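J.:
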Amino acid sequence: MKAAVIVFPGSNCDRDVCVALEHATGEKPATVWHRDSDLPKVDLIVVPGGFSYGDYLRSGAMAAQSPVMREVVARAKAGVRVMGVCNGFQILTEARLLPGVLMRNAGLKFICRTVDLRVENTDSAFTSAYDKDQVVRFPVAHHDGNYFADADTLARVEDTGMVAFRYVTPDGIVDASGNPNGSANSIAGLFNEKRTVLGLMPHPERAFEPLHGNTDGRAMFTGLVEALS
Amino acid sequence: MSKQSLEPAVTVELAAEYGLSADEYQRMLEITGRTPSFTELGIFSVMWSEHCSYKSSKVWLKQLPTTAPHVICGPGENAGVIDIGDGQAAIFKMESHNHPSFIEPYQGAATGVGGILRDVFTMGARPIANMNALRFGSPEHPKTRHLISGVVAGIGGYGNCVGVPTVGGETNFHPSFNGNILVNAMTVGLADADKIFYSAAAGIGNPVVYVGSKTGRDGIHGATMASTEFTEDSEEKRPTVQVGDPFTEKLLIEACLELMATDAIVAIQDMGAAGLTSSSVEMAGKGELGIELTLDDVPQRETGMSPYEIMLSESQERMLIVLKPGREELAKAIFDKWELDFAVIGRVTDTGRLVLKMHGYTYCDLEVAPLVDRAPLYERPWEPTPPQADIDAASVPLPGPATEILHRLIGCPDLASRRWIWEQYDSQVGADTIALSGGDSGVVRVHGTNKALAITTDCTPRYCFADPVRGGAQAVAEAWRNLTAVGAKPLAITDNMNFGNPQKPRIMGQFAGCIQGMVDACTVLEFPVVSGNVSLYNETNGVGILPTPAIGGVGLLSDASLAVNIAFKAAGQAILLIGETKGHIGQSLYLREIHGREEGAPPPVDLAAEKRNGDFVRDLIGKRAVTACHDLSDGGLLVALAEMAMAGKLGAVIDVPAGTDEAGFLFGEDQGRYVVTTSDADAVVAGAKAAGVPVLRLGTTGGDALKLNGGDAISVGGLRTAHEAWLPEYMAGSLE
Numbered sequence: 007m008k009a010a011v012i013v014f015p016g017s018n019c020d021r022d023v024c025v026a027l028e029h030a031t032g033e034k035p036a037t038v039w040h041r042d043s044d045l046p047k048v049d050l051i052v053v054p055g056g057f058s059y060g061d062y063l064r065s066g067a068m069a070a071q072s073p074v075m076r077e078v079v080a081r082a083k084a085g086v087r088v089m090g091v092c093n094g095f096q097i098l099t100e101a102r103l104l105p106g107v108l109m110r111n112a113g114l115k116f117i118c119r120t121v122d123l124r125v126e127n128t129d130s131a132f133t134s135a136y137d138k139d140q141v142v143r144f145p146v147a148h149h150d151g152n153y154f155a156d157a158d159t160l161a162r163v164e165d166t167g168m169v170a171f172r173y174v175t176p177d178g179i180v181d182a183s184g185n186p187n188g189s190a191n192s193i194a195g196l197f198n199e200k201r202t203v204l205g206l207m208p209h210p211e212r213a214f215e216p217l218h219g220n221t222d223g224r225a226m227f228t229g230l231v232e233a234l235s
Numbered sequence: 012m013s014k015q016s017l018e019p020a021v022t023v024e025l026a027a028e029y030g031l032s033a034d035e036y037q038r039m040l041e042i043t044g045r046t047p048s049f050t051e052l053g054i055f056s057v058m059w060s061e062h063c064s065y066k067s068s069k070v071w072l073k074q075l076p077t078t079a080p081h082v083i084c085g086p087g088e089n090a091g092v093i094d095i096g097d098g099q100a101a102i103f104k105m106e107s108h109n110h111p112s113f114i115e116p117y118q119g120a121a122t123g124v125g126g127i128l129r130d131v132f133t134m135g136a137r138p139i140a141n142m143n144a145l146r147f148g149s150p151e152h153p154k155t156r157h158l159i160s161g162v163v164a165g166i167g168g169y170g171n172c173v174g175v176p177t178v179g180g181e182t183n184f185h186p187s188f189n190g191n192i193l194v195n196a197m198t199v200g201l202a203d204a205d206k207i208f209y210s211a212a213a214g215i216g217n218p219v220v221y222v223g224s225k226t227g228r229d230g231i232h233g234a235t236m237a238s239t240e241f242t243e244d245s246e247e248k249r250p251t252v253q254v255g256d257p258f259t260e261k262l263l264i265e266a267c268l269e270l271m272a273t274d275a276i277v278a279i280q281d282m283g284a285a286g287l288t289s290s291s292v293e294m295a296g297k298g299e300l301g302i303e304l305t306l307d308d309v310p311q312r313e314t315g316m317s318p319y320e321i322m323l324s325e326s327q328e329r330m331l332i333v334l335k336p337g338r339e340e341l342a343k344a345i346f347d348k349w350e351l352d353f354a355v356i357g358r359v360t361d362t363g364r365l366v367l368k369m370h371g372y373t374y375c376d377l378e379v380a381p382l383v384d385r386a387p388l389y390e391r392p393w394e395p396t397p398p399q400a401d402i403d404a405a406s407v408p409l410p411g412p413a414t415e416i417l418h419r420l421i422g423c424p425d426l427a428s429r430r431w432i433w434e435q436y437d438s439q440v441g442a443d444t445i446a447l448s449g450g451d452s453g454v455v456r457v458h459g460t461n462k463a464l465a466i467t468t469d470c471t472p473r474y475c476f477a478d479p480v481r482g483g484a485q486a487v488a489e490a491w492r493n494l495t496a497v498g499a500k501p502l503a504i505t506d507n508m509n510f511g512n513p514q515k516p517r518i519m520g521q522f523a524g525c526i527q528g529m530v531d532a533c534t535v536l537e538f539p540v541v542s543g544n545v546s547l548y549n550e551t552n553g554v555g556i557l558p559t560p561a562i563g564g565v566g567l568l569s570d571a572s573l574a575v576n577i578a579f580k581a582a583g584q585a586i587l588l589i590g591e592t593k594g595h596i597g598q599s600l601y602l603r604e605i606h607g608r609e610e611g612a613p614p615p616v617d618l619a620a621e622k623r624n625g626d627f628v629r630d631l632i633g634k635r636a637v638t639a640c641h642d643l644s645d646g647g648l649l650v651a652l653a654e655m656a657m658a659g660k661l662g663a664v665i666d667v668p669a670g671t672d673e674a675g676f677l678f679g680e681d682q683g684r685y686v687v688t689t690s691d692a693d694a695v696v697a698g699a700k701a702a703g704v705p706v707l708r709l710g711t712t713g714g715d716a717l718k719l720n721g722g723d724a725i726s727v728g729g730l731r732t733a734h735e736a737w738l739p740e741y742m743a744g745s746l747e
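Taken in sequence, the protein lines are chains L and F. If you want the numbering used here, it's the position in the first sequence, counting the first as 1, plus 6. If you want the numbering used here, it's the position in the second sequence, counting the first as 1, plus 11.
(1) Pull out every residue of the segment 253-273 of chain F whose Cβ sits closer than 7 Å to any Cβ of chain L, in chain order.
(2) What runs of the alpha helix (DSSP H), each 4 residues or longer, lie entirely inside the segment 218-277 of chain F?
(3) For F:G483, which residues from the same chain have a beta carbon less than 6 Å from its beta carbon, with the 5 sequence-adjacent residues on both sides left out?
(4) Find out if the Cβ-Cβ distance for the pair F:R492, F:G625 is shorter than 8 Å.
(5) Could you tell me which chain L residues have their CB closer than 9 Å to the CB of F:E328, listed as they occur along the chain?
(6) Closer than 8 Å, CB to CB, is L:I12 near chain F or not?
(7) If contacts are defined as beta-carbon pairs under 8 Å, then F:V706 and F:V696 qualify, I think. What distance do you get, rounded to the angstrom?
(8) Shortest alpha-carbon distance to F:K69 belongs to which of F:P116, F:P513, F:C475, F:W433?
(9) Could you tell me which residues DSSP puts in a beta bridge with L:M109?
(10) At the level of alpha carbons, what is the spacing between F:Q15 and F:E61?
(11) Roughly how many whole angstroms lie between the Cα atoms of F:A620 and F:Q682?
(12) If the cut-off is 7 Å on Cβ atoms, which residues from the segment 429-440 of chain F count as contacting chain L, listed in chain order?
(13) If you measure beta-carbon to beta-carbon, which residues of the segment 12-44 of chain L are closer than 7 Å to chain F?
(14) Residue ranges of each beta strand (DSSP E) run of no fewer than 3 residues wholly in the segment 103-180 of chain F, ordered along the chain?
(15) If I measure Cβ to Cβ from F:M12 and keep anything under 7 Å in the same chain, skipping five residues before and after, which residues do I get?
(16) Listing by chain order, which chain F residues have their CB less than 7 Å from the CB of L:G90?
(17) Quick check on F:N171 - is its C-beta less than 8 Å from some C-beta in chain L?
(18) Assuming F:H152 contacts F:N189 under a Cβ cut-off of 8 Å, what Cβ separation, rounded to an integer in Å, is found between them?
(19) For the segment 738-745 of chain F and the segment 418-430 of chain F, state whether three or more C-beta atom pairs, one from each stretch, are separated by less than 8 Å.
(20) Got a sec? Which residues, its chain only, sit under 6 Å from F:P76 by beta carbon, not counting five neighbours each side?
(21) To the nearest angstrom, report how far apart L:M7 and L:L104 are at their CA atoms.
(22) Which residues in chain F sit within 8 Å of L:G205, going by Cβ to Cβ distance?
(23) So what does DSSP say about F:Y209, is it helix, strand or coil?
(24) Step through the CB atoms of chain L and report whether any lies within less than 8 Å of the CB of F:I586.
(25) Name the chain B residues whose beta carbon is nearer than 8 Å to that of L:E211?
(26) Counting only the same chain and skipping the five closest in sequence on each side, list residues whose C-beta sits under 7 Å from that of F:I276.
(27) Can you find a heavy atom of the ligand MG that lies under 7 Å from the Cβ of F:N544?
(28) At a CB-CB cut-off below 8 Å, which residues of chain L make contact with F:I466?
(29) What residue range does the beta strand (DSSP E) around F:G483 cover?
(30) Could you tell me the alpha carbon to alpha carbon distance between L:V163 and F:C423, rounded to whole angstroms?
(31) Give me the Cα-Cα distance between F:P412 and F:D666, rounded to the nearest whole angstrom.
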């Protein structure tokens with residue numbers, strides 16, 4: 007599997023996701039600077055976490071208009087797998103690759119903690135190494151992770167299997183106590199219709215090696231390698 | 012001189028308004044040999060401010076031990092540098108942003124983080140961890156909630172965006188901070204030991220380059236503001252507080268590190284307090300050369316700025332660099348890539364003078380050396396702090412079952428969980444953070460290696476107030492102990508000396524006492540001071556803060572996988588107390604929270620025992636002989652056990668030895684102690700005896716409650732609820 011990581015000037019999880027990809031694939035992913043419009047031919051594009059252009063406007067709004075994102079959108083439409091983590095998820099919604107928006111957390115504060123997630127759909131390159139309804143633990147670290155979409159859109163994403171991960175309690179139950187940011191339907195990660203694009207607020211690259219406290223994120227990377235090699 | 016008609020005439024009265032005493036005004040005249048220009052007065056005023064000149068503290072700071080074989084660079088540069096092996100260096104410093112954070116908590120705290128980050132990456136290091144030490148007033152004070160909310164959001168807002176994890180810190184409350192909160196921020200960075208950058212200018216004719224954000228009118232005279240007491244109208248000083256832009260800081264970090272990877276830089280200095288003034292004076296002074304700047308070329312955010320405003324602005328995210336000749340284009344291309352301003356604003360000269368020109372006129376022509384060398388230096392009168400009497404623990408017996416008292420203590424403001432605070436900080440960006448906030452030290456792996464750095468911030472201001480010498484020693488010892496408790500070898504400290512008005516002999520006595528205690532502890536524990544900062548005049552309407560010499564300690568773990576945390580790991584493990592318990596109750600939180608008495612002598616610090624006990628514990632951790640370790644500090648033994656139980660979600664059965672005083676044993680705050688758990692107690696006990704280290708079998712882990720002597724018990728869940736409840740409820744305003 008060949009991978010590329012997009013780097014905005016305010017990206018700050020680009021190195022972390024590169025480390026995880028290199029572990030999983032055995033080779034360093036390409037890194038693509040935000041001003042570049044030529045992407046190498048790859049099987050997976052990752053839009054990492056961070057603060058793209060400072061995000062003083064709506065998170066991801068400016069990044070979605072950058073030269074490199076026009077190319078990412080074109081590749082995504084051609085079927086190349088695209089994953090946006092945290093700020094990357096915000097950028098993918100702003101770029102209209104995923105429906106809905108990520109609003110300020112319901113508590114109006116930045117939240118950094120490890121959360122429980124339930125895997126909702128394993129029929130994708132991103133989630134094939136997990137079991138359906140498996141509860142995994144990834145850290146979140148964001149100020150704007152409160153997923154919102156109108157009722158019709160929510161019905162559509164639910165009915166068509168677009169929900170990838172949901173915030174849950176440690177027992178796998180969807181309720182307010184397991185939902186850190188007020189996301190609609192406790193949505194933590196979302197696919198596009200074809201499940202070739204994934205956006206998620208939690209950080210799988212921060213649950214990758216024993217030092218992180220758990221390795222639940224590793225299966226996302228190993229699963230991708232298996233699916234795309 | 013010319014063009015002076017555009018500037019106010021300088022008089023002794025005007026100088027007084029700018030913080031210079033009559034004596035200092037005379038001294039300035041002797042140096043200049045003429046009446047200085049207004050711009051020059053501004054330069055003297057900030058360079059000779061307490062904040063920049065250390066004029067009241069320098070004579071004392073000189074006593075601190077600053078050397079060790081592993082110290083690469085001690086105090087005097089932007090930050091301290093220590094060798095961590097394999098050709099790598101850790102660069103770190105702690106700095107206060109107390110006055111601005113009280114006036115404008117979000118921006119004050121945010122720019123405090125920004126400033127300390129710049130001090131570290133200026134020297135060539137990539138910042139890898141942030142810490143902080145915060146002191147707020149009484150929770151009942153009407154401003155406290157607003158200040159906590161703003162400071163925490165500001166620290167998070169800045170640190171989270173630049174992508175440096177905030178891995179720990181400490182927060183205390185005390186009414187003495189009602190009018191002067193303390194916001195001390197610390198950054199640790201990583202560099203190659205042979206690629207450290209310094210600030211001394213060199214090379215006559217070399218270009219002086221300005222990079223980063225544009226200069227605006229914000230923060231003018233911030234350093235002077237931070238060098239006086241507050242009164243009730245201090246909030247009118249809001250314009251002296253700077254505004255931070257963490258995105259630009261992130262760009263500046265990346266651009267500077269990219270330039271540092273080339274051979275273009277001769278010297279580099281961030282523009283912090285006193286902005287372009289202190290950076291240019293610092294660079295010229297250290298290089299024993301002159302600098303000539305054309306201020307027209309300084310990138311400006313606003314039109315019509317005067318030379319005075321440009322020189323005194325404390326706009327954030329700016330650096331001054333001396334480049335090798337001919338490297339301008341290379342450097343400019345890097346800053347263009349990161350979309351930051353880049354301007355050649357002057358040259359290094361051989362005159363030894365700071366010359367500032369604008370619109371074709373000369374606004375400043377001063378000899379550089381006397382600005383620093385002849386800065387006022389005061390041996391302020393001081394009086395020792397009278398000792399307080401020891402308090403016998405037997406005179407303050409438990410007023411109820413020990414677990415009920417524990418329940419009250421664990422939820423009191425000074426011991427309640429800080430989760431509400433640290434969950435607002437990204438503690439994991441970089442994916443190298445090992446122990447999460449809530450343990451004895453933050454632990455961050457050195458990227459790409461198996462090594463890790465442990466970092467802690469510590470001070471117990473109420474001890475320092477009661478006995479500055481003991482308090483100063485205790486702050487250093489506790490930092491050393493917290494590093495040891497995760498398994499790290501303590502290497503060096505940075506200090507942040509926060510005190511009241513140094514012109515009062517009582518306050519100067521606190522300063523002198525704390526320094527003496529620190530000198531003693533640093534010497535015995537082989538724990539030198541490599542950087543630091545002094546913040547005086549933390550007084551409002553004549554009321555000073557508790558003396559607070561905050562200590563930031565850094566230690567090294569040769570193998571990151573050796574790090575232990577405080578959580579009980581499994582049922583059936585032995586719990587051992589290392590170190591001697593005499594039951595010291597004076598200045599304990601038990602005495603204050605349960606008996607309403609903040610009094611008595613603080614616990615003595617036996618430095619030889621501290622070292623012996625700590626070396627023994629570190630050795631145990633290095634041999635993987637213990638499964639958890641926690642140092643004993645505020646609240647004493649039972650609080651430490653409760654913290655270990657809550658972290659592990661596992662109870663314990665504890666035996667209180669017959670014949671001991673329960674209050675002293677369970678809640679005394681004797682120093683030099685640790686609790687460890689182990690699956691081979693006999694080996695640990697035998698090792699302790701051989702090493703001459705006191706050890707006591709306390710009991711066994713297991714169950715879902717903390718049980719004392721088989722009877723008195725409290726559930727771990729109940730402890731957690733009490734521990735976690737206070738701060739969120741307080742911040743939500745639901746406690747009234």
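Note that the Cβ used here is the ideal one computed from N, Cα and C, for glycine as well. Given the structure is predicted, the values throughout are model-derived calculations rather than measurements.
T.: For this structure:
(1) F258, K261, L262
(2) 233-236, 257-271
(3) Here residue 483 of chain F is taken as the residue at index 472 of the second sequence, counted from 1. Only C525, G528, M529, P560 meet the Cβ criterion.
(4) Along the second sequence, one-based indexing puts residue 492 of chain F at 481. Along the second sequence, one-based indexing puts residue 625 of chain F at 614. In this structure, F:G625 lies closer than 8 Å to F:R492 by Cβ.
(5) Taking the second sequence and counting its residues from 1, one reaches residue 328 of chain F at position 317. Going along chain L, no residue has its Cβ under 9 Å from F:E328, so there is no contact; the nearest lies around 12 Å.
(6) Mapped onto the first sequence, residue 12 of chain L falls at position 6. No - not a single Cβ of chain F is within 8 Å of the one on L:I12.
(7) Position 695 of the second sequence, counting from 1, holds the residue named residue 706 of chain F. Position 685 of the second sequence, counting from 1, holds the residue named residue 696 of chain F. 5 Å between Cβ atoms; contact.
(8) On the second sequence, position 58 is the one that residue 69 of chain F refers to. F:K69 has its Cα closest to that of F:P513, out of F:P116, F:P513, F:C475, F:W433.
(9) Residue 109 of chain L sits at position 103 when you count from the first residue of the first sequence. Paired residue(s): L:N152.
(10) Here residue 15 of chain F refers to the residue found at position 4 when the second sequence is read from its first residue. Here residue 61 of chain F refers to the residue found at position 50 when the second sequence is read from its first residue. Below a pLDDT of 50, predicted positions are generally treated as unreliable, and F:Q15, at 48, falls in that range; no measurement from the model is reported.
(11) Position 609 of the second sequence, counted from the start, is the residue given in the question as residue 620 of chain F. Position 671 of the second sequence, counted from the start, is the residue given in the question as residue 682 of chain F. Whole-angstrom Cα-Cα distance: 9 Å.
(12) E434, Q435, Y436, D437, S438, Q439, V440
(13) P15, G16, N18, C19, D22, V25
(14) 137-147
(15) Your numbering for residue 12 of chain F matches position 1 in the second sequence. Legend: pLDDT at F:M12 = 45, less than 50; position of this residue unreliable, value from coordinates given subsequently. Excluding residues within five positions, the ones whose Cβ falls inside 7 Å are S48, T373.
(16) Working through the first sequence from its first residue, we reach residue 90 of chain L at position 84. Those do not exist, as L:G90 stays about 17 Å from chain F at its closest Cβ, beyond 7 Å.
(17) For the purposes of this step, residue 171 of chain F is taken as the residue at position 160 of the second sequence. Yes, F:N171 lies at the interface with chain L (some Cβ there is under 8 Å from its Cβ).
(18) Taking the second sequence and counting its residues from 1, the one referred to as residue 152 of chain F is at position 141. Taking the second sequence and counting its residues from 1, the one referred to as residue 189 of chain F is at position 178. Going by Cβ atoms, the distance from F:H152 to F:N189 rounds to 5 Å, so yes, they are a contact pair.
(19) yes
(20) As a first step, residue 76 of chain F must be located in the second sequence, where it is residue number 65. Here the set comprises C533, T534, P539.
(21) One-based indexing of the first sequence puts residue 7 of chain L at position 1. One-based indexing of the first sequence puts residue 104 of chain L at position 98. Computed Cα separation, rounded: 24 Å.
(22) The residue labelled residue 205 of chain L in the question sits at position 199 within the first sequence. Ordered by position in chain F, no residue passes the 8 Å Cβ test against L:G205, which lies about 19 Å from the chain.
(23) As a first step, residue 209 of chain F is located in the second sequence; it is residue number 198 there, counting from the start. Three-state DSSP puts F:Y209 in coil, outside helix and strand.
(24) In the second sequence, counting from the first residue as 1, residue 586 of chain F sits at position 575. It does not; no Cβ of chain L falls within 8 Å.
(25) Any reference to chain B falls outside this structure, whose protein chains are L and F.
(26) Locating residue 276 of chain F in the second sequence gives position 265, where the first residue counts as 1. Result list for F:I276: F208, L270, I332, L334, in chain order.
(27) Summarising the ligand content, the structure contains no ligands, and the ligand MG is consequently not present.
(28) By 1-based counting over the second sequence, the position of residue 466 of chain F is 455. Near F:I466 there are no residues of chain L at all, since even the closest Cβ is about 16 Å away, more than 8 Å.
(29) Position 472 of the second sequence holds residue 483 of chain F. Per DSSP, F:G483 belongs to no beta strand (DSSP E); it is in the alpha helix (DSSP H), 479-496.
(30) For this step, residue 163 of chain L is matched to residue 157 along the first sequence. For this step, residue 423 of chain F is matched to residue 412 along the second sequence. Rounded to the nearest angstrom, the two C-alpha atoms are 46 Å apart.
(31) Locating residue 412 of chain F in the second sequence gives position 401, where the first residue counts as 1. Locating residue 666 of chain F in the second sequence gives position 655, where the first residue counts as 1. Going by the C-alpha atoms only, they are around 14 Å apart.
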